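>
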Amino acid sequence: MVKWTFGLALAVWLAVLATLKLGIQPPIPASVLMLYMVLVTIAILVFVAADETRFGHFVAPLRAVYEGRVPRPVQVAVLVALPALAGWGTWLRVAPNFDAPFEPRVVHPEPPSTFTFNGRTVDQLTLKNPLREGADAESLARHTAAGKTTYYRNCFFCHGDALGGDGHFALALRPIPANFRDVGTISMLQESYVFWRISTGGPGLPNGATPWHSAMPVWQNYLTEEEIWQVILYIYEGSGSTPRTWDEGTGGHDH
Amino acid sequence: MIHPSSSPPVTPYALKGVYKGILKVSVMLALTYALISGLASILPAADYRELPLLGNRVAVWIPAQLHLMFAAFVLGVPIFAVITEIIGAVTKERRYDELAREFTKLLAMAYTVTAVLGCMLLALLVLLYPKFVGYMSELFKPTWLLYIVLIFGEVIVAYLYWYGWDTMQGRYKKWHIALGVLVNLWGTALLFVADAWVTFMMSPSGIDEANHLVSLWDAVANHTWMPINIHRLLANVAFGGAIAAAYAAVRFLNASTDEERARFDWMGYVGSFIAIGAFIPLPFAGYWLGREIYQFSEQMGVSMMGGSFAWLWILQASLIGSLFFAANFYLWLGMGRIPGANRYTKFQVLMILVLALGFLTWATPRSIIATGGEMAAMGGSHHPFLGLFGVMAAKNTAVNLMILTTFMSFMMYRRGNRIPVVPWATVGKALQALVVAVAVGIVLFYGVYSYFVPSLVRIGFSVYQVSAVLGAMAVFVAIDIPLLKGAREIGAIQWGKIAPRAQYALFFMAIVFTLLMGLMGYIRSGIRQYWHVYGRVADESAHAYTMSHGSATLIVSGIVLVFLLLIAGVFALTARQKDKRGDAPAQVALAGEDAR
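Same order as they appear, the protein sequences are chains A and B.
For the first sequence, my numbering assigns the number 280 to the initial residue and increments by one for each residue that follows.
For the second sequence, my numbering assigns the number 8 to the initial residue and increments by one for each residue that follows.
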């Protein structure tokens, strides 16, 4: 087996490329495919070079070609194919296309330390949901129910009946609205973050978050502060998730 | 020739060395003070003074990072040295003592460079950021005094440690080791004090609404202080070991005799062993630090991991993944010079598979660079399949398995030429396999389960994963030691008979460690964004913006290059210094010796 190291390495490389290129839907963006293939190439090279026998068998065919111990047509084919492949790769990178240019995207735009809510400066660092802090079960249920009403009057058109980000308008928007049931969205965030996103909407996104041109309205123009906090209570309750919180007892200090 | 053990432990030669060290530091501090006072009286008073060309920020950044790298080196080397010295004293193998001595010799010059860079940093900070430095000085006044006392203490103990090496042999050895431990305690104290200032800027506490000091201890023991202390301490050991290994690699490649090759091959192995040993718990310390950052401020946490700095973490993941590759590559190649170790070659297929899959998972970005067409195909926010690998649940699982794999490479290397002969060998090996299998099971189970629970619960799972891996490693080693007692040796390790390309792995590791320090240093500092003291004292200078990643990483790379050149200079100049012992370093007999 080890004497086929070169062929096996090549076969593994091609198999991984084919799997990543054809086996995953929607297709993997080219930037990630490139990253993966570079890593796979390194992994294969590390593996073959980490053992003298394997390494010997890996370089043997290459040496045979370059030292002229293979038939001339094979030598010519390799020496033509390598620059041709490099040329093709270069062409793929520089050929003109009509796609929008690459732009880095940020899934969780970083919140500012302060933002303006109806002319008042809100400190993000200390912001907490006043309706949850120290609330009894009865008032929590009442506010959550009020939040549910607000949600279905305003938010569900985009964020969906079951908070899955699949409302009536969802597919008309890019990016599509957040799916609150996805563990990667609100369950990873503190309520203060969600309050900032709802209050300031798409226009409140920081520059670093472009081209995350969200269609989210600036809800502070339409809802009261209490209504926004109520909606937040509801989206966590309704999606079966909990806001990101910290066990203050383990941190050593309270801030 | 080693002096007889009856020699006095502290000779006039050693005292002269100490006086020289004290004088050097005193002169440097006095000159810095004079320079700062002189310039401050000439320059107009201002909150910020602008340095032409480089700009304030970069002007402070470069010496700060270089100072930190040298400080890490001068703190890491004594840890490395004293560990090696203790191994030498316990095993009675002279070559360990020689190795420790060879590296301690570097300290004097490395201290000088560290101090020069520290003075440059101090001068630039005071002159360019007078108002902010004034605030910090006032707040932390007692710690500054403590710091200066500690610097002198460190110089005295470290110079005694070096200059007393040859006289404190034999029955004085334990005192010399105690001195080495003291160097480390003193160095650690220095690190902790400096960390207090840095971490206060990240996660301030102990001050009131008007930023006046309420409790100095609270300001020192802020949220991120202890995690950074531990993280840096471990990283210093890894860094010291990696630089030592790289030095050995260069010497190996330049060696002209088999004896030299054997010596430097062994030295490289010991350096890499200590580096990787300290590197393995480093991600855990990093998670702790990350957790504390999030706990202090979610905004800061999101900036760091999900916001504008997220892409730098992909670079970090690539660098750390490369370290795992390099470490295993080196060990596997090293097994080629161990008779009998080829029986473990068959496991390398599985191990490279775990490492490669782990690396791919770790490098999978959460925020993907995509064209308009690709974004439309993905449906906007993120890739439905790749998104699974972009979150911490997957990354924790990946890194834990990569750590376990690297640990197994070490264990196979260790056992390479030995076959256990104890009567319970089969049971022992089965138990070891079971422990590793259980750890893998726990890591995978909680990794998958993490996707179905809220974040608060998920964070708790990472503790189980880490505990399973650390526990498995501890149990494995605890069984391994008695298991290999009196083991049958297939043959001696053929030191020096390693492929030269293995040395490039050592060199690569040192460069990657240095790059990681620069990159992580930038992220740690950069996430304060436009604050001097996060959320409390704003940076109102023209440089209070977050740089483009391209510019920042260029500066980091430049700093790494300068550091490597400087450290190479320290090595070259120290090698030229006449060894006052009066003879060439003893060549160590290696044939038949087992380094493990």
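From the three backbone atoms N, C-alpha and C, an ideal C-beta is built for every residue, glycine too.
Everything numeric in this text was worked out from a predicted model, so none of it was measured.
1. DSSP three-state call for I511/A: helix, strand or coil?
2. Could you spell out where the alpha helix (DSSP H) holding R402/A opens and where it closes?
3. Alpha helix (DSSP H) containing T195/B: first to last residue?
4. What residues match up with L220/B in a beta bridge as DSSP calls it?
5. Runs of 3 residues minimum, wholly inside the stretch 130 to 167 of chain B: which ones carry the beta strand (DSSP E) assignment?
6. With distances taken between CB atoms, is the gap from V205/B to A165/B smaller than 8 Å?
7. Suppose contacts are defined by Cβ-Cβ distances below 8 Å. Is P456/A in contact with H438/A by that definition?
8. Comparing C-alpha positions only, which one of A255/B, I29/B, M418/B, A363/B sits nearest to L324/A?
9. Evaluate H219/B with the Cβ neighbour count: other Cβ atoms within 10 Å of its Cβ, from every protein chain shown; 16 or more gives buried, anything less gives exposed.
10. Would you say A598/B faces chain A, with C-beta separation under 8 Å as the test?
11. Is F436/A near H422/A, with beta carbons less than 8 Å apart?
12. Which bits of chain A does V398/B rub up against, with CB to CB less than 9 Å?
13. Taking 8 Å as the threshold, find out whether the stretch 498 to 516 of chain B comes into contact with the stretch 246 to 257 of chain B through three or more Cβ pairs.
14. Is the beta carbon of I611/B less than 8 Å from the beta carbon of R344/B?
15. Pick out whichever of T479/A, R460/A, G398/A has its Cα sitting closest to the Cα of S518/A.
16. From H260/B to R268/B, what distance separates their C-alpha atoms?
17. From A328/A to A107/B, what does the alpha carbon distance come to, in whole angstroms?
18. Does R102/B pass the burial test, meaning 16 or more other C-beta atoms within 10 Å, or should it be called exposed?
19. Leaving aside the five residues before and after Y294/B along the sequence, list all residues of the same chain whose C-beta is less than 7 Å from its C-beta, in chain order.
20. On the DSSP bridge assignment, give the partners of A545/B in chain order.
21. Which of the residues in the stretch 314 to 334 of chain A, read from start to end, lie with their CB under 7 Å from any CB of chain B?
22. Along the chain, where does the alpha helix (DSSP H) containing T553/B start, and where does it finish?
23. Compare the C-alpha of P19/B against each of T98/B, Y136/B, L167/B, V123/B and name the closest.
24. Hey, V434/B and A117/B: beta-carbon distance below 8 Å or not?
25. Would you report the Cα separation of L241/B and F286/B, rounded to the nearest angstrom?
26. Give a yes or no on contact between the stretch 422 to 441 of chain B and the stretch 392 to 403 of chain B, applying the rule of three or more CB pairs nearer than 8 Å.
27. How should F331/B be labelled, buried or exposed, when 16 other C-beta atoms within 10 angstroms of its C-beta is the threshold for buried?
28. Using a C-beta cutoff of 8 Å, does A21/B count as contacting chain A?
29. Per the DSSP calculation, F394/A is bridged to which residue(s)?
30. Comparing alpha-carbon positions, which option in M313/A, P305/A, Q403/A lies nearest M382/B?
31. Please name the residue, chosen from G398/A, F377/A, E331/A, that lies closest to T284/A on a Cα-to-Cα basis.
32. Quick check: the Cα distance between A294/A and F474/A, rounded to an integer number of angstroms?
33. Here's the rule: buried if 16 or more other CB atoms are within 10 angstroms of the residue's CB, otherwise exposed. What is A596/B?
34. Helix or strand or just coil, what does DSSP make of G519/A?
35. For the alpha helix (DSSP H) that F377/A lies in, which residues bound it at each end?
36. Measuring alpha carbon to alpha carbon, tell me which of P234/B, I184/B, M358/B, T174/B ends up nearest A203/B.
By the coordinates alone:
1. helix
2. Reading off the sequence shown, one finds Asp at residue 402/A, where the question assumed Arg. Where D402/A is concerned, there is no enclosing alpha helix (DSSP H), although the beta strand (DSSP E) it sits in stretches over 399 to 402.
3. 180 to 209
4. I214/B
5. none
6. no
7. yes
8. A363/B
9. exposed
10. Confidence at A598/B is low in this model, with a pLDDT of 35, below 50, so the placement of that residue should be treated as unreliable; the coordinate-derived value is given next. No, A598/B lies away from the interface with chain A (no Cβ there is under 8 Å from its Cβ).
11. no
12. V462, G463, M467
13. yes
14. No information on residue 611/B is available, as it lies outside the stretch 8 to 603 that chain B covers here.
15. R460/A
16. For the sequence presented, residue 260/B should be read as Leu rather than His. Spanning the two alpha carbons is a distance of roughly 8 Å.
17. 32 Å
18. buried
19. S469
20. W538/B
21. L314, Y315, L318, V319, I321, A322, V325, F326, A328, A329, D330, E331
22. Taken as a continuous stretch (DSSP letters only), T553/B belongs to no alpha helix (DSSP H), as it is neither H nor E.
23. L167/B
24. no
25. 7 Å
26. no
27. buried
28. no
29. V401/A
30. P305/A
31. E331/A
32. 47 Å
33. Note that A596/B has pLDDT 36, beneath the 50 cutoff, so the model's placement of it is unreliable and the number below is only indicative. It is exposed - the Cβ of A596/B has fewer than 16 other Cβ atoms within 10 Å.
34. coil
35. Neither: F377/A is in no alpha helix (DSSP H) and is coded neither H nor E.
36. P234/B
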